[in-house]
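To keep things clear, I will list the structure first and then write my remarks on it.
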């Protein structure tokens with residue numbers, strides 16, 4: 001139920017994708033909730049927290065999920081103890097006024113700061129098109145997903161993120177409204193039943209430009 | 001130059017966005033490179049690693065960057081010791097054949113697995129439209145950005161991710177080709193010169209659905 005590996009370097013650098021999990025391992029929903037809560041310390045654009053989590057841990061829910069998942073991702077769906085599907089919320093700006101009012105009421109920011117936040121960000125989102133809102137929610141969802149992968153390891157599990165799905169089917173398949181939510185990624189969590197492949201990375205020199 | 005805080009819980013849960021950094025603090029480019037290398041242990045869709053990093057740490061480069069940055073993000077641009085702008089690479093699939101050939105040559109996967117990877121993923125990307133490639137690169141860039149925020153803290157710095165930019169101007173402003181790269185986020189890094197605001201999070205209960 002708690003963090004059993006608090007070694008940052010180990011949690012991060014020894015994280016590899018696992019696609020075959022040990023059968024019969026149950027993860028309590030209270031622990032799933034705790035892991036999600038820890039992961040949501042991730043930042044998000046304008047603190048909009050444009051993320052939503054659907055937990056799939058029953059045979060029925062897995063079968064419904066698989067209707068929208070590409071076949072090559074079946075192993076990590078079939079064998080995971082739990083799957084957390086992360087969706088992006090394109091309407092998160094509609095509730096963010098409440099959130100910032102709370103920050104203000106707690107005395108953490110001034111009235112002027114509150115108004116400047118509302119005047120800076122709110123029109124941006126209210127006038128944004130679906131494409132912008134989708135990108136923004138994808139960014140938030142991916143950030144929280146990254147933390148969730150690390151949190152899973154810190155809790156003594158291994159995980160696998162997957163995004164190969166039918167983009168039109170996946171949101172209804174997890175019971176959400178496709179007018180509001182967009183697909184980000186699934187995260188399969190469990191105890192590993194295979195040796196992970198440490199997939200190689202490009203030489204970092206070819207990925208960095210230093211500006212004069 | 002190294003990790004000075006290896007406490008996973010502290011690194012993650014005490015990370016807050018800092019927008020005012022101590023002036024006069026230099027971060028060696030070798031350390032910037034080391035931090036990026038550590039962060040690129042992040043997973044990416046099909047291991048395409050659709051990310052690219054531009055390091056901005058001179059007055060000239062900052063001035064050029066600011067031409068494309070929204071005014072409310074000026075403080076963390078002006079005062080950061082270094083800024084790492086993360087762009088998404090929409091053409092990463094064009095080089096991924098080489099990468100997987102290396103995994104195969106190292107004996108880590110079979111010829112059949114190699115061919116199945118090529119046959120599964122390659123057509124998906126080669127036939128994908130710009131919108132799909134942009135979303136995919138945004139997802140990868142956000143994942144590596146999340147790790148970079150944590151790595152910065154582990155190295156004893158604080159950071160701030162920002163995405164408020166002119167989407168048309170930002171890629172040329174950091175010297176990249178807008179036909180290939182898409183904006184993801186800037187990350188300002190330095191020593192904090194302000195008390196961070198611990199911005200509140202929604203109650204996790206309202207963010208989770210458990211499927212039957």
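Chains as they are written, first to last, in full-length UniProt numbering: chain R, 1 to 212; chain Y, 1 to 212. All residues carry an ideal CB built from backbone N, CA and C; glycine is no exception. As the structure is a prediction and not an experimental result, all values here were calculated from the model.
I need the boundaries of the beta strand (DSSP E) containing residue i, first residue and last residue.
i	result
residue 87 (chain Y)	82 to 89
residue 55 (chain Y)	51 to 56
residue 210 (chain Y)	208 to 210
Output the boundary residues of the alpha helix (DSSP H) element that contains residue i.
i	result
residue 116 (chain Y)	111 to 126
residue 36 (chain Y)	29 to 39
residue 10 (chain Y)	8 to 13
residue 102 (chain Y)	96 to 105
residue 170 (chain R)	170 to 173
residue 200 (chain Y)	Note, residue 200 (chain Y): premise wrong, no alpha helix (DSSP H); not H, not E.
residue 48 (chain Y)	Looking at the DSSP string, residue 48 (chain Y) is not in any alpha helix (DSSP H), and its letter there is neither H nor E.
residue 5 (chain R)	Counting along the chain, residue 5 (chain R) falls outside any alpha helix (DSSP H), and DSSP gives it neither H nor E.
residue 42 (chain Y)	Element bounds for residue 42 (chain Y): n/a, residue is neither H nor E.
residue 177 (chain Y)	Run containing residue 177 (chain Y): none; DSSP gives neither H nor E here.
residue 78 (chain R)	74 to 79
residue 140 (chain Y)	130 to 154
Check the DSSP bridge columns for residue i and list the partner residues they point to.
i	result
residue 159 (chain Y)	Y:189
residue 21 (chain R)	R:192
residue 69 (chain Y)	Y:165
residue 182 (chain Y)	Y:88
For residue i and residue j, what's the separation of their Cα atoms in angstroms?
i	j	result
residue 184 (chain Y)	residue 174 (chain R)	27 Å
residue 169 (chain R)	residue 92 (chain Y)	26 Å
residue 4 (chain Y)	residue 61 (chain R)	43 Å
residue 114 (chain Y)	residue 28 (chain R)	37 Å
residue 126 (chain R)	residue 116 (chain R)	16 Å
residue 119 (chain Y)	residue 182 (chain Y)	26 Å
residue 2 (chain Y)	residue 111 (chain R)	41 Å
residue 213 (chain R)	residue 34 (chain Y)	Nothing about residue 213 (chain R) can be reported from this structure: the residues present for chain R run from 1 to 212 only.
residue 102 (chain Y)	residue 202 (chain R)	11 Å
residue 163 (chain Y)	residue 195 (chain Y)	22 Å
residue 193 (chain Y)	residue 205 (chain Y)	35 Å
residue 158 (chain R)	residue 71 (chain Y)	42 Å
residue 100 (chain Y)	residue 48 (chain Y)	10 Å
residue 66 (chain Y)	residue 59 (chain R)	52 Å
residue 16 (chain R)	residue 132 (chain R)	31 Å
residue 38 (chain R)	residue 8 (chain R)	15 Å
residue 105 (chain Y)	residue 94 (chain Y)	19 Å
residue 11 (chain Y)	residue 128 (chain R)	34 Å
residue 50 (chain Y)	residue 211 (chain Y)	33 Å
residue 96 (chain Y)	residue 197 (chain Y)	41 Å
residue 68 (chain R)	residue 79 (chain R)	17 Å
residue 107 (chain Y)	residue 107 (chain R)	59 Å
residue 36 (chain R)	residue 36 (chain Y)	26 Å
Find the nearest neighbour of residue i within the set the options, judged by alpha-carbon distance.
i	options	result
residue 23 (chain R)	R:60, R:36, R:48, R:75	R:75
residue 13 (chain Y)	R:150, R:63, R:132, R:122	R:150
residue 6 (chain Y)	Y:145, Y:131, Y:155	Y:155
residue 26 (chain Y)	Y:51, Y:81, Y:54	Y:81
residue 77 (chain R)	R:34, R:48, R:21	R:21
residue 207 (chain Y)	R:144, R:152, R:134	R:144
residue 46 (chain Y)	Y:128, Y:163, Y:136, Y:111	Y:136
residue 31 (chain R)	R:201, R:199, R:189	R:189
residue 109 (chain R)	Y:73, Y:199, Y:63	Y:199
residue 98 (chain R)	R:122, R:157, R:202	R:122
residue 90 (chain R)	R:49, R:79, R:134	R:134
residue 180 (chain R)	R:36, R:130, R:211, R:65	R:130
residue 161 (chain Y)	Y:167, Y:186, Y:204	Y:186
residue 124 (chain R)	Y:65, Y:166, Y:79, Y:157	Y:166
residue 18 (chain Y)	Y:212, Y:73, Y:100	Y:73
residue 191 (chain R)	R:63, R:153, R:64	R:153
residue 64 (chain R)	R:50, R:36, R:107, R:171	R:171
Identify the contact partners of residue i in chain A, using a Cβ-Cβ distance below 9 Å as the criterion.
i	result
residue 40 (chain Y)	Protein chains R and Y are contained in the structure displayed, whereas chain A is not.
Tell me whether the stretch 85 to 100 of chain R and the stretch 138 to 152 of chain R touch, counting them as touching only if at least three CB pairs, one residue from each stretch, are closer than 8 Å.
Yes: at least three Cβ pairs fall under 8 Å.
I want to know whether the stretch 39 to 48 of chain R touches the stretch 129 to 141 of chain R - three or more CB-CB distances under 8 Å.
These segments touch.
Would you be able to state if there are at least three C-beta pairs under 8 Å between the stretch 50 to 57 of chain R and the stretch 175 to 182 of chain R?
As far as the Cβ criterion goes, the stretch 175 to 182 of chain R touches the stretch 50 to 57 of chain R, which means the pair count is three or higher.
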